[in-house]
Amino acid sequence: MATRDPIALLMKEHEEALTKLHQLKKNAVDLRKKGYSEKTFKLFLKAVEYVDEEVRIHNKHEELALFPVVERYVDGPTAVLREDHARMAKIYKKLNYSIKAFKENHDDRNSRMEMVDSAEEIVQLMVNHIHKENHILFPMIQRFCTKDEIREIAKKLV
2 MATRDPIALL MKEHEEALTK LHQLKKNAVD LRKKGYSEKT FKLFLKAVEY
52 VDEEVRIHNK HEELALFPVV ERYVDGPTAV LREDHARMAK IYKKLNYSIK
102 AFKENHDDRN SRMEMVDSAE EIVQLMVNHI HKENHILFPM IQRFCTKDEI
152 REIAKKLV
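The following block contains the structure:
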């Protein structure tokens with residue numbers, strides 16, 4: 002049985018995440034400029050849910066399957082990426098708190114602004130993070146890791 006390419010899989014997940022991040026950014030901008038609309042807020046929440054669920058799983062996979070193999074060679078890039086993951090989690094908590102406040106009162110301008118600021122901060126951080134992985138980390142893995150190490154990563158991603 003052929004081993005799936007773990008880097009291709011992670012890059013595909015990045016493409017999906019970038020699509021959702023674009024939607025999150027668009028809906029955040031609409032909420033900032035136009036205020037509350039049920040349709041926009043539902044789309045915003047759907048994108049936030051994706052970030053919370055799928056991205057958290059993706060990050061965990063990277064930390065458990067990918068980073069340990071990379072760290073056999075160098076740990077600087079993974080240290081930065083782990084910091085990004087921690088910052089994402091911290092910003093997400095702030096975002097979730099402001100979403101709860103905004104759900105209670107759609108007219109609360111402060112919670113709306115805090116919510117969209119947090120969403121835009123997550124989008125910026127994640128887009129930069131994906132760029133680092135796609136253009137620095139993944140090429141490094143493809144260049145330095147052995148086929149056995151690639152298979153090891155692939156097995157842990159299942």
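Position 72 of the sequence shown, counted from 1, bears residue number 73 in the working numbering, the numbering being contiguous throughout.
Glycine included, each C-beta is placed from N, C-alpha and C at the ideal position.
For the segment 15-81, the full-length alpha helix (DSSP H) segments reaching 4 residues or more read 39-51, 57-62, 68-71 along the chain. Taking Glu150 as the centre and dropping the five residues before and after it, the same chain places the C-beta of Val70 closer than 7 Å to its C-beta, in chain order. In the DSSP assignment, Glu115 falls within the unbroken alpha helix (DSSP H) covering 110-133. Counting of Cβ neighbours within 10 angstroms places Asn60 among the buried residues, the total reaching 16 or more. Of all alpha-carbon atoms in Ser112, Asp6, Val81, Arg83, the one lying nearest the alpha-carbon of Tyr37 is that of Ser112. By alpha-carbon distance to Val117, the top candidate from His132, Leu22, Lys157, Ala29 is Ala29.
Straight across, the Cα-Cα distance linking Lys43 with Val52 is about 14 Å.
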